[in-house]
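Q:
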Amino acid sequence: MSKLDEIEFIRHIYVEVRFILDSMSKVSEDEFYEDEILKRAITRAFEIIGEATKNLSLDFRLKYNNVPWSYMAKLRDRIIHHYQGVDFEMIWNITRENIPELDLQITKIINEHSYK
47 MSKLDEIEFI RHIYVEVRFI LDSMSKVSED EFYEDEILKR AITRAFEIIG EATKNLSLDF
107 RLKYNNVPWS YMAKLRDRII HHYQGVDFEM IWNITRENIP ELDLQITKII NEHSYK
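In case it helps, this note's numbering puts the sequence shown at residues 47 to 162.
1. Under a Cβ-count criterion, where at least 16 other Cβ atoms within 10 Å of its own Cβ denotes burial, should I66 be classed as buried or exposed?
2. In this structure, how does DSSP classify K72 when only helix, strand and coil are distinguished?
3. Does the beta-carbon of L148 have 16 or more other beta-carbons within 10 angstroms, so that it is buried, or is it exposed?
4. Which residues mark the beginning and the end of the alpha helix (DSSP H) in which Q151 is found?
5. Tell me which same chain residues have a C-beta within less than 6 Å of the C-beta of D81, skipping the five on either side of it?
6. Smallest Cα separation from Y117: which of Q130, E97, F134 and D105?
7. Just the C-alpha distance for I53 and I145, rounded to the nearest angstrom, thanks.
8. Under three-state DSSP, which class holds S116?
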């Protein structure tokens, strides 16, 4: 896979991370749990992030080993294959605790590659 292809997957991750941050910025926890459309949209964003992550080469993931690639891919699998339903408390917590840092990490990668 070319580096351009990998940066395209990084851009997919970036778009979804920004969607999560923008969508959740003014939403309370109760509002999140009550909004079925928002819950499904955020869940789908995590699925896309995980799928894009799985398309990155091992070399790319090792180069940026500060990013939790494995966790992101496993989260996608957990969401997709959890037939009893999605753990929305877990989704809420990740949006608050992990997504802001992921945004910084992904933005840094994009900025590095935009100059090459």
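The beta-carbon is built from N, C-alpha and C at its ideal position, and this holds for glycine as well.
A: In short, the structure shows the following:
1. A buried status is given to I66, since no fewer than 16 other beta-carbon atoms sit within 10 Å of its beta-carbon.
2. Of the three classes helix, strand and coil, the one that applies to K72 here is coil, per DSSP.
3. Burial check for L148: the Cβ neighbour count within 10 Å reaches 16 or more, so the residue is buried.
4. Looking at the DSSP string, the run of the alpha helix (DSSP H) that includes Q151 is I145 to S160.
5. Within the same chain, and ignoring the five residues on either side of D81 in sequence, no residue has its Cβ closer than 6 Å to its Cβ.
6. If we check each option's Cα against that of Y117, E97 comes out closest.
7. Straight-line Cα distance between these residues: approximately 19 Å.
8. Residue state, collapsed to three classes: helix.
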